[in-house]
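Trainee: Please see the structure below; I have some questions.
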Amino acid sequence: MDSKIIYKILRKPEYEEIILNKYGFLPNVSAFEYYSECRKLFEKMPIEESYEWVLKLLKKRTKIIKNEYKEIPYELKFLAYFMDLKSEDYEKIRCFLNQAYGGV
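In the numbering used here, the protein residues as written are 111 to 214.
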């Protein structure tokens, strides 16, 4: 495993959370240098520790509601998965899909 690759998976708030928890600060540099400085700090961490953090954060990214997700048509599952839908959103989709089409 390579920490550079693991770092590239992360979104800005995610790598900031890891660095802040590990070191207690975020780099005080220009916006241009910020990404590189955060990456350097991340790469100093033991790979096992950074890997555990990344897994924890990736699991928090998307929490799908399995029973409601199963009812979504295959063609829409990709969108439903990445849109972070709530129960009421699934209900709206279900109502929309159950409406009769009034077209030709």
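Even glycine gets a Cβ: it sits at the ideal position worked out from N, Cα and C. Computed from a prediction, not measured in an experiment: that's the story for all the values here.
Which first and last residues belong to the alpha helix (DSSP H) in which E147 is found?
Mentor: For the purposes of this step, residue 147 is taken as residue 37 along the sequence shown, with counting starting at 1. Its alpha helix (DSSP H) spans residues 141-154.
Trainee: Let's see if you can read the secondary structure: which residues bound the alpha helix (DSSP H) around R204?
Mentor: Here residue 204 refers to the residue found at position 94 of the sequence shown. Element bounds for R204: 197-208.
Trainee: How long is the line joining the alpha carbons of E185 and I175, rounded to whole angstroms?
Mentor: Sequence index remark: in the sequence shown, residue 185 carries index 75 (1-based). Sequence index remark: in the sequence shown, residue 175 carries index 65 (1-based). Rounded to whole angstroms, E185 to I175 spans 17 Å at the Cα level.
Trainee: For L151, collect the residues of the same chain with a Cβ closer than 8 Å to its Cβ; drop the 5 residues on either side in sequence, then sort them by chain order.
Mentor: Numbered from its first residue, the sequence shown carries residue 151 at position 41. Closer than 8 Å at Cβ, skipping near neighbours: I129, K132, Y133, P137.
Trainee: Evaluate the contact criterion for the stretch 192-204 versus the stretch 142-151: three or more CB pairs, one atom per stretch, below 8 Å.
Mentor: Segments in contact, no.
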